[in-house]
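Okay, structure first, notes after.
Residue numbers (the numbering used here), protein chains in the order written: chain H, 721 to 1244; chain R, 27 to 330.
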């Protein structure tokens, strides 16, 4: 660390900006939760709406754009005029990479093959993603940094943090020491009401998605901002957009004594030390080079860029290869029965558009899973085919769809889940419940149980009874045998959630009968 | 939302009003020595649930008979469902708030209000209006948490060891405030079944032999006072309803120390008698209270 050098004002401003936006990101994440009101009062999806890659890939794949996504033009505009500052000043994943990267002391004094050629990889990745999107294969969400960080936090990192917090305060409570709980309980109450999830959340694949994210962060030990330099498709898109930006790095070659300090501190891979070799599209405008230069030979100025300054040398044949790769990836991922045969367990949240269109819109950000009040929305693995990985499905044994709740539709950035008004939502069928009479307590064992009917939220109820007189050792009595009225059932799954039969419930919901599909039906 | 002061005024108007109407009756109605020797049961009709509640309690001799200075009190409403007060699936918030205020006025150190809900707890507490009303009246309102459950031997006929909420164990007085509703299995749900909200575990298993199980709970918790909210009575599609057409306005609040008598009275709201209800017969059989309303000291008042 160059302690002799004071931090420049621009670098300070960058750090302030990163801090502010990162805190905002975390704050909005904590707001992505039911807080006593039926509407989410904060713009919790704004980071996704500002994301030009989400905008472009969704536009290409679905030919629709949710109104909020036009916000991305702000970022596009800034990038075109000023450069790729989004990555260095705003992106929460970039900020987190900087934080982890700061733990790494080792400097790389010169460019290796990885640095020279690795930076191109993200462009090829971008091309592959966009070519696939043209063919209506929407894979951007898996690698888009905003989607990645929200998903990873929602179902992995934040859930793990919640676990630690809930456990810690549970431990303090269990000590039973009055002096301890007098302090810990109010703090805990505050945290769970305002900061962490109200109840511990658990997610299928939460561990896997969390570990993948930790892997992304760990790459900072190979290169600082490894993700941003080599992998990030949004970074690549912004790099292309910044090709003709007007704010430029300027090296006074006369003053430069070629100490290469700037090279060791560059957060992109922009070669700040090498005048003519400067790669503007790699610059995330972190201002480290300007700040660290002992000769003060690096400045920022407005002006027309010299074309040779801006180039990251992309090879035509690799670009072509990337496009072909995108197509090949698309083809191989679609070799899945999921497209023709709806998975009976693929229960999409209410307001979801028809499955093919759903896949063209969903960016797998996990916002809906974060906000789901019952924890029932979970990330898919292969239920929707590989292309649907990490999209939402309802797992009623974990949590049902709350009858009076419309939150998932409110937070979806791309209208894969359309926001429904409450009355429409209450009538929207997401599946159909089936009674398994071989497991059902009254049907199979002659025992009284009406729990599914009691919880059924529709009025009139979708679960009704046949009455049967039975005789056992207690004499003759009437037994209520539940059956389902398919006209009323909306597939919310509360019956499956509460069914007292452990293991596999005696009443289970399948996606068949869902309103959004003209083919996935069983009634004439 | 009524503020605390005007709320207490309404309450006292209800109480004083009832005395003005017939002070002798009030005097004669003290629970222990009623004319029949049976338990006292007050039934008050009135358009204002706050005043009706105040009058029903006053008719039994006032809250001071049940709550002592320094008591920790649980006021246990039914907050089972994510429904609004108009839908009649949860206890009326004004009735709950009135009881909280009366208990505090009688010197309770702390009044706790909670329920183990069926829908998501946060939604239920919010939409039923009870959380806000009870807080405004001075209660501690909180959610049931897994970590605060403790396994206890309920010494019931059917329920032995079962997880019970610690707050329901470390308490001086329990005031049970059910709402009268239709229920497919128990036929109606009244006071005894309402106690299910004090326990955790897989409560859905308790529906096997429900009539025995709810009496096990009643025998264990032995509420000091039971106040039945029959302001709105859900007649069909219980216990959570959803359609206001299934709700009948009865504008009635009943109170008694005897939960069997309360439930026997509640049966009449549905055109039945206590003998029609398995859990009433069961509780009577175990000596937990009186099911024959003719043996009950019935104090009826009409505020309108």
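Glycine included, C-beta positions come from ideal geometry on N, C-alpha and C.
Predicted model, so just to flag it, every value in this text is computed and none were measured.
Identify every run of the alpha helix (DSSP H) within the segment 852-896 of chain H, keeping only runs that are complete inside it and at least 4 residues long; order them along the chain.
860-863, 865-872 and 878-895
Report the neighbours of residue 231 of chain R on chain H: residues whose CB is nearer than 8 Å to its CB, in chain order.
1220
Looking at C-beta atoms only, is the number of pairs between the segment 839-856 of chain H and the segment 774-781 of chain H that lie closer than 8 Å three or more?
yes
Counting only the same chain and skipping the five closest in sequence on each side, list residues whose C-beta sits under 6 Å from that of residue 944 of chain H.
821
For my contact list, residue 1216 of chain H and residue 1203 of chain H are in at a C-beta cut-off of 8 Å; report their separation, rounded to the angstrom.
About 16 Å; that fails the 8 Å criterion.
For the segment 121-152 of chain R, which residues have a CB atom closer than 8 Å to at least one CB atom of chain H, in sequence order?
144, 145, 146, 148, 149 and 152
Distance cutoff 8 Å, beta carbons only. Does residue 1127 of chain H sit that close to anything in chain R?
no
Buried/exposed call for residue 929 of chain H, threshold 16 Cβ in 10 Å:
buried
Nearest residue (CA-CA) to residue 921 of chain H, options H/1092, H/1224 and H/745
H/1092
Could you give the residue range of the beta strand (DSSP E) that holds residue 108 of chain R?
Per DSSP, residue 108 of chain R belongs to no beta strand (DSSP E) and is neither H nor E.
At a Cβ threshold of 8 Å, is residue 1161 of chain H touching chain R?
yes
Report the neighbours of residue 1171 of chain H on chain R: residues whose CB is nearer than 8 Å to its CB, in chain order.
230 and 233
Just to make sure I have the definition right: I need the residues of chain R whose C-beta is within less than 8 Å of the C-beta of residue 1179 of chain H. Which are they?
263, 267, 268, 269 and 272
Please list, in chain order, the residues of the segment 1185-1206 of chain H that have any C-beta partner in chain R closer than 8 Å.
1185 and 1200
Taking residue 990 of chain H and residue 998 of chain H to be in contact with their CB atoms under 8 Å, please state how far apart those CB atoms are, rounded to whole angstroms.
6 Å
Are the CB atoms of residue 128 of chain R and residue 80 of chain R within a distance shorter than 8 Å?
yes
Under 7 Å Cβ-Cβ, which residues of chain R neighbour residue 1123 of chain H?
108
Per-residue burial, residue 271 of chain R [other beta carbons within 10 Å of its own, 16 or more giving buried]
exposed
Would you call the segment 311-330 of chain R and the segment 63-73 of chain R touching, i.e. three or more CB-CB distances under 8 Å?
yes
Straight-line CA distance for residue 980 of chain H to residue 1018 of chain H?
12 Å
Please say whether residue 293 of chain R and residue 302 of chain R have beta carbons closer to each other than 8 Å?
yes
Residue 1094 of chain H touches chain R at which residues, Cβ-Cβ below 8 Å?
146
I believe residue 849 of chain H touches residue 953 of chain H by the beta-carbon criterion, under 8 Å. Please report the beta-carbon distance rounded to the nearest angstrom.
5 Å
On a Cα-Cα basis, can you pick out the residue from H/1069, H/1072, H/1043 and H/1076 that is closest to residue 1058 of chain H?
H/1076
State the DSSP-derived secondary structure class of residue 332 of chain R, mapped to helix, strand or coil.
Look at the range of chain R in this structure, 27 to 330, and you will see that residue 332 of chain R is not part of it.
Since residue 250 of chain R meets chain H, which of its residues come closer than 9 Å, beta carbon to beta carbon?
Chain H residues near residue 250 of chain R: none, gap ~27 Å exceeds 9 Å.
Would you check if the distance between the CB atom of residue 74 of chain R and the CB atom of residue 36 of chain R is smaller than 8 Å?
yes
Could you give the distance in angstroms between the alpha-carbon of residue 967 of chain H and the alpha-carbon of residue 1020 of chain H?
7 Å
Considering residue 278 of chain R, what are the terminal residues of the beta strand (DSSP E) in which it resides?
273-282
What residues from the segment 902-933 of chain H come within 7 Å of chain R, judged by C-beta to C-beta, listed N to C?
918
Cutoff 7 Å; reference residue 982 of chain H; Cβ partners in own chain excluding five residues on either side
992, 993, 1009, 1012, 1013 and 1018
Buried or exposed for residue 331 of chain R, please, with buried defined as at least 16 other CB atoms from any protein chain shown within 10 angstroms of its CB.
No answer is possible for residue 331 of chain R: it lies beyond the span of chain R, which begins at 27 and ends at 330.
Is it true that the CB of residue 201 of chain R sits closer than 8 Å to the CB of residue 154 of chain R?
no
Counting C-beta neighbours from all protein chains within 10 Å, is the total for residue 59 of chain R 16 or more, i.e. buried, or is it exposed?
Its pLDDT being 40, under 50, residue 59 of chain R is placed unreliably in this model, and the value from its coordinates should be taken loosely. When all chains shown are included, residue 59 of chain R counts as exposed.
Taking the alpha carbon of residue 927 of chain H as the reference point, which residue from H/1060, H/878 and H/1178 has its own alpha carbon closest?
H/878
Against chain H, which members of the segment 157-174 of chain R pass a CB distance test of less than 7 Å?
173
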